[in-house]
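Note sheet for the following structure.
Number of protein chains: 2
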Amino acid sequence: MTLETLSAIRSHGGTQTLYRHMSTSTKTPMEFSVFVPDHEDGAKLPVIWFLSGLTCTPANVTEKGEFRAACARHGFIFVAPDTSPRGDGVPDDAEAARDFGLAAGFYVNATRAPFSEHYHMRDYIETELPDVIARELPCADMSRQSIMGHSMGGHGALTVGLRNPDRFKAVSAFAPINSTINCPWGQKAMAGYLGDDQSKWEEYDACALIKNGARLPDILVDQGAADEYIETELKPDLLRDACAEAGQPLTLRIHDGYNHGYYFVSTFMNDHIEWHAERL
Amino acid sequence: MTLETLSAIRSHGGTQTLYRHMSTSTKTPMEFSVFVPDHEDGAKLPVIWFLSGLTCTPANVTEKGEFRAACARHGFIFVAPDTSPRGDGVPDDAEAARDFGLAAGFYVNATRAPFSEHYHMRDYIETELPDVIARELPCADMSRQSIMGHSMGGHGALTVGLRNPDRFKAVSAFAPINSTINCPWGQKAMAGYLGDDQSKWEEYDACALIKNGARLPDILVDQGAADEYIETELKPDLLRDACAEAGQPLTLRIHDGYNHGYYFVSTFMNDHIEWHAERL
Numbered sequence: 001m002t003l004e005t006l007s008a009i010r011s012h013g014g015t016q017t018l019y020r021h022m023s024t025s026t027k028t029p030m031e032f033s034v035f036v037p038d039h040e041d042g043a044k045l046p047v048i049w050f051l052s053g054l055t056c057t058p059a060n061v062t063e064k065g066e067f068r069a070a071c072a073r074h075g076f077i078f079v080a081p082d083t084s085p086r087g088d089g090v091p092d093d094a095e096a097a098r099d100f101g102l103a104a105g106f107y108v109n110a111t112r113a114p115f116s117e118h119y120h121m122r123d124y125i126e127t128e129l130p131d132v133i134a135r136e137l138p139c140a141d142m143s144r145q146s147i148m149g150h151s152m153g154g155h156g157a158l159t160v161g162l163r164n165p166d167r168f169k170a171v172s173a174f175a176p177i178n179s180t181i182n183c184p185w186g187q188k189a190m191a192g193y194l195g196d197d198q199s200k201w202e203e204y205d206a207c208a209l210i211k212n213g214a215r216l217p218d219i220l221v222d223q224g225a226a227d228e229y230i231e232t233e234l235k236p237d238l239l240r241d242a243c244a245e246a247g248q249p250l251t252l253r254i255h256d257g258y259n260h261g262y263y264f265v266s267t268f269m270n271d272h273i274e275w276h277a278e279r280l
Numbered sequence: 001m002t003l004e005t006l007s008a009i010r011s012h013g014g015t016q017t018l019y020r021h022m023s024t025s026t027k028t029p030m031e032f033s034v035f036v037p038d039h040e041d042g043a044k045l046p047v048i049w050f051l052s053g054l055t056c057t058p059a060n061v062t063e064k065g066e067f068r069a070a071c072a073r074h075g076f077i078f079v080a081p082d083t084s085p086r087g088d089g090v091p092d093d094a095e096a097a098r099d100f101g102l103a104a105g106f107y108v109n110a111t112r113a114p115f116s117e118h119y120h121m122r123d124y125i126e127t128e129l130p131d132v133i134a135r136e137l138p139c140a141d142m143s144r145q146s147i148m149g150h151s152m153g154g155h156g157a158l159t160v161g162l163r164n165p166d167r168f169k170a171v172s173a174f175a176p177i178n179s180t181i182n183c184p185w186g187q188k189a190m191a192g193y194l195g196d197d198q199s200k201w202e203e204y205d206a207c208a209l210i211k212n213g214a215r216l217p218d219i220l221v222d223q224g225a226a227d228e229y230i231e232t233e234l235k236p237d238l239l240r241d242a243c244a245e246a247g248q249p250l251t252l253r254i255h256d257g258y259n260h261g262y263y264f265v266s267t268f269m270n271d272h273i274e275w276h277a278e279r280l
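These protein sequence lines are chains X and Z, in that order. Note that UniProt numbering has the first sequence beginning at 1, numbered continuously upward. Note that UniProt numbering has the second sequence beginning at 1, numbered continuously upward.
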């Protein structure tokens with residue numbers, strides 16, 4: 001396993017690096033970005049994972065997320081993976097839509113051909129990339145990890161977090177897809193990657209995981225009230241109801257006037273990092 | 001004069017707006033972005049101008065500049081104009097290079113054909129756009145303005161500021177072109193826009209303006225030591241020497257490891273806004 005450094009740029013008293021490596025999970029080259037604040041020799045720094053949304057590469061949050069000042073202040077590593085496999089031979093949506101295929105991996109292990117060949121984003125996020133980080137970044141304290149994400153990546157953060165409660169000390173999301181089973185984006189993606197048996201979708205649905213017994217100490221979700229996808233795709237009420245029924249603690253904040261984009265994410269990024277800091 | 005709102009998005013407790021209007025200075029449509037923090041009815045907010053560098057539109061600093069949190073905290077309006085006229089009939093560099101023509105207006109009033117028809121960025125920045133802001137944004141306190149910029153826009157901020165010391169209560173720059181007369185970018189631009197008579201270039205050269213008697217209470221300049229343009233184009237030593245000779249106060253900070261891009265600008269943006277806040 002070799003890690004290729006595509007760029008390493010000084011920012012906010014640390015280094016913002018873009019890496020590429022050959023992934024055994026997706027059988028493609030994968031890029032991810034890492035911010036590492038300056039630190040003492042031998043120091044071990046907590047790791048925040050950020051999963052991005054539809055259409056995104058690691059560049060979106062890295063350029064627009066406004067996370068570096070807070071990460072430098074606290075001494076946190078910030079890792080932003082890509083949203084799907086890419087490259088020659090990686091199948092895309094039949095109509096190249098933005099909600100399936102390239103840049104829309106939904107953090108699942110696909111079981112349906114032709115997507116099952118490369119779309120193993122669950123393995124990549126849950127197993128392979130943490131191993132890479134642990135091996136290649138000696139300053140990463142893998143005993144102190146947390147995870148957050150936006151939109152499709154909010155779905156990713158919630159579902160990865162709920163399936164791995166012992167690994168992540170904090171789980172939060174910006175405008176997440178809360179129930180893939182109950183929205184058009186999720187239904188298209190789950191059917192496409194997993195087939196029509198909806199029982200197979202439940203491990204990729206935050207609300208279903210909670211109904212089925214998964215628990216976290218707390219969850220923080222920020223959601224813009226003017227988000228263009230709130231009613232059709234995101235449905236924060238479903239998460240609120242699932243948490244209330246199950247006794248799962250949830251801090252759900254609805255913000256008047258905010259939409260779905262990075263102007264919203266960056267506004268509340270500092271709050272999320274502070275919330276993670278209390279738990280890391 | 002009508003102002004068209006292309007987008008208005010809530011962020012950091014304020015509104016980030018992109019406007020378009022027909023400019024009488026450039027005889028083209030021009031776009032600019034404005035951040036206005038929430039404020040009490042009737043409140044008057046100081047205005048920070050940010051002039052961008054080569055290749056930029058208002059989008060670069062608006063998406064990557066990380067200025068909104070500090071502007072919201074202090075109650076500052078932040079205005080980011082475009083870097084040149086654009087559109088059909090606007091002449092470009094003969095070879096479409098990045099250092100002249102489109103997105104490279106150098107904040108001058110061109111006198112040489114064919115550029116003299118549209119490239120009147122000095123009038124646009126110094127006169128027309130301030131009038132637009134004063135008329136269209138009743139909350140703007142035009143008695144409290146300051147200016148900053150990056151690279152070519154750092155040159156713009158320094159020269160506009162030095163020519164208008166009574167208007168701007170603070171002038172600062174990130175990695176500015178310090179002497180257009182003494183660098184290839186500046187020489188190409190000044191010859192192209194103004195012709196070969198170098199005496200005409202001096203009002204667009206920060207060092208020459210200072211030598212010729214222009215003064216500001218103080219100037220803040222941040223510069224990355226790993227900036228790829230520091231030796232060939234930016235030459236901060238020329239500004240340091242010109243200020244020292246003239247007795248012009250200058251706070252010049254050189255930062256090890258930082259390069260020329262927005263990862264550098266965003267790192268020190270908060271410092272600049274705090275520095276402006278002390279003077280606004």
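Cβ coordinates follow ideal geometry from the N, Cα and C atoms, glycine included.
- Contact check for H21/Z against V132/Z passes: the beta carbons are separated by less than 8 Å.
- Straight-line measurement puts the Cα of T251/Z at about 19 Å from the Cα of M152/Z.
- Burial of A80/Z is indicated by the presence of at least 16 other C-beta atoms within 10 angstroms of its C-beta.
- Between A189/X and chain Z, the shortest Cβ-Cβ separation is not below 8 Å.
- Put simply, of F115/Z, P37/Z, E63/Z and R73/Z the residue whose alpha carbon is nearest the alpha carbon of S25/Z is F115/Z.
- Between E31/Z and P58/Z, the gap from beta carbon to beta carbon is short of 8 Å.
- Runs of the alpha helix (DSSP H) spanning 4 or more residues and lying entirely within the region 99-136 of chain Z occur at 129-136, in chain order.
- Shown here, L45/Z sits in a strand according to DSSP, grouped into three states.
- In the structure shown, the three-state DSSP call for H39/X is coil.
- Counting of Cβ neighbours within 10 angstroms places S7/X among the exposed residues, the total staying below 16.
- If you draw a straight line from the Cα of H276/X to the Cα of A97/X, it comes to about 34 Å.
- The Cβ of Q16/Z sits closer than 8 Å to at least one Cβ of chain X.
- Neighbours of Y124/Z across chain X, judged by C-beta separation under 9 Å, do not exist; the nearest C-beta is about 26 Å away.
- With respect to the 8 Å criterion, P217/X and N178/X are not classified as neighbours on the basis of their beta carbons.
- Within chain Z, no residue has its beta carbon less than 8 Å from that of R253/X; the closest one is some 14 Å off.
- Between the C-alpha atoms of D196/X and I181/X there is a straight-line separation of about 11 Å.
- Contacts between H12/X and chain Z, judged by CB atoms closer than 7 Å, involve T267 in chain order.
- Distance from the CA of E245/X to the CA of L209/X, rounded to the nearest whole angstrom, comes to 13 Å.
- Counting only the Cα atoms, T232/X lies some 41 Å from S84/Z.
- Think of a sphere of 8 Å around the beta carbon of E203/Z: no beta carbon from chain X falls inside it, the nearest being about 35 Å out.
- Taking CB atoms only, N259/Z has a neighbour in chain X less than 8 Å away.
- Nearest C-alpha to I147/Z among I273/Z, W201/Z and G105/Z: I273/Z.
- With the criterion set as a beta carbon lying under 8 Å from some beta carbon of chain X, the members of the region 46-76 of chain Z are E63, K64, E66, R68 and A69, in sequence order.
- Taking C-beta atoms as the reference points, A225/X and H260/X fail to come closer than 8 Å.
- In this structure, DSSP gives Y19/X an extended state, which the three-state scheme calls strand.
- F35/X and M269/X have their C-alpha atoms roughly 15 Å apart.
- Here the alpha carbons of W185/X and P176/X stand approximately 12 Å from one another.
- Y229/X is outside the set of residues whose beta carbon lies under 8 Å from a beta carbon in chain Z.
- When the Cα atoms are used, V90/Z and E202/X turn out to be separated by approximately 57 Å.
- Under DSSP, no beta-bridge partner is assigned to A277/X.
- When beta bridges are read from the DSSP output, D197/X appears opposite no residue.
- Judged by DSSP secondary structure, K169/X falls within the beta strand (DSSP E) whose first and last residues are F168 to F174.
- Within the DSSP bridge table, the entry for M30/Z names H21/Z as partners.
- Taking a cut-off of 8 Å on C-beta distances, the region 133-142 of chain X touches the region 40-57 of chain X, as three or more cross pairs fall below it.
- By the Cβ-count criterion, A214/Z is buried, with 16 or more other Cβ atoms from all chains shown falling within 10 Å of its own Cβ.
- Straight-line measurement puts the Cα of L54/Z at about 22 Å from the Cα of Q198/Z.
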